[in-house]
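Residue numbers (the numbering used here): -15 to 310. Positions of the beta carbon are idealized from the N, C-alpha and C atoms, including for glycine. It should be emphasised that the depicted structure is a prediction, and the values quoted were computed from it without experimental measurement.
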């Protein structure tokens, strides 16, 4: 083997997984990797990971972070364009136009860092890799959460969220030429599956909605109120307690169901094609729809990356010749 072949630096790939609002943690991961002097040669993204990956490839990570940290509930609502089309309740046109504007309507193949997004063919169940064409459409297809965002048509195929088939696209990063893959699983740290060999044994409650009982100190406080206020106060407290957990809403059921499924798929695929390093931020406190919690998610990504700094440096240490060339 020639000296040139011996000294050739391995190509570093980043695989950014899906997980809706938890995906803002990818920003913290990428910024921390940059601080460590690690720059990817290829980026593969699924769902929200495709958003962060494309922005990073275009060199607009700081702008995306500013956008994410400025999100509020009202601003999120502005992006919701309700539709009566079959397949979803949100058309996603506003999101697509925003991405087109921010990324200057670029084609995937023209991005400075090679990029690919993964989606699923909702009719065949096939995995689809998007490596050519408008980057905004590649992202839109990859984030099409079934039941929420309408499927995206691409050459006669209807594409949906890549989390259905390849939640953390390590295989895509390798197919794009990566020798070393650093992957980010943003669902793994949100769901705690302590024992995969058995289910939780939970006795059924004969009274699924028991009357909530106020703490003793609240009952004692009510006793000191005028007679006319005692009953109303107790009723108000019970109503508040009853509202503590109203049960998951429709959108939460859909997105969480996909997230749980994606976590299982990620584990299965990792057994066959593991990443060299898997970063799993602790995002249990962030709901999949809480896009306005960007600062918290970003910090979680930073913390998780720093915790694996030694493992990451060991994995990419073989890439030192490339760093010396630069």
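Contact between residue 173 and residue 267 holds, with the beta-carbon distance rounding to 5 angstroms and staying under 8 angstroms.
Under the DSSP assignment, residue 111 falls in the beta strand (DSSP E) whose first and last residues are 111 to 114. Secondary structure at residue 94: helix, using DSSP grouped into helix, strand and coil.
The C-alpha of residue 187 is placed about 46 angstroms away from the C-alpha of residue 299.
Contact holds between the region -5 to 10 and the region 161 to 168, because three or more Cβ pairs, one in each stretch, are under 8 angstroms apart. In the structure shown, the three-state DSSP call for residue 289 is helix. Sixteen is the threshold: when 16 or more other Cβ atoms of the shown chains lie within 10 Å of the Cβ of residue -5, as they do, the residue is buried.
According to the DSSP assignment, residue -3 belongs to the beta strand (DSSP E) that extends over -4 to 0.
Residue 80 sits in a helix when the DSSP states are folded into three classes. Using a Cβ distance threshold of 7 angstroms, residue 91 and residue 34 do not count as a contacting pair.
By the CB criterion at 7 angstroms, residue 133 and residue 72 fall inside the cutoff.
With respect to the 7 angstroms criterion, residue 120 and residue 84 are classified as neighbours on the basis of their beta carbons. Using a C-beta cut-off of 8 angstroms, the region 274 to 289 makes contact with the region 11 to 26, since at least three inter-stretch Cβ pairs fall below that distance. Counted as a single uninterrupted DSSP element, the beta strand (DSSP E) harbouring residue 100 occupies residues 99 to 105.
Taking the C-beta atoms as reference points, residue 95 is found no nearer than 7 angstroms to residue 49. Around the CB of residue 43, fewer than 16 other CB atoms lie within 10 Å, so the residue is classed as exposed.
The beta carbons of residue 41 and residue 285 sit no closer together than 7 angstroms. The region 62 to 79 makes no contact with the region 153 to 166, as fewer than three CB pairs between them are under 8 angstroms. Taking every protein chain shown into account, the CB of residue 256 has fewer than 16 other CB atoms within 10 angstroms, so this residue is exposed.
Per DSSP, the unbroken beta strand (DSSP E) holding residue 262 starts and ends at 261 to 263.
Here the alpha carbon of residue 249 sits roughly 7 angstroms from the alpha carbon of residue 151. In this structure, the beta-carbon distance from residue 45 to residue 51 does not fall below 7 angstroms.
Taken atom to atom, the span from the alpha-carbon of residue 122 to that of residue 293 is near 31 angstroms.
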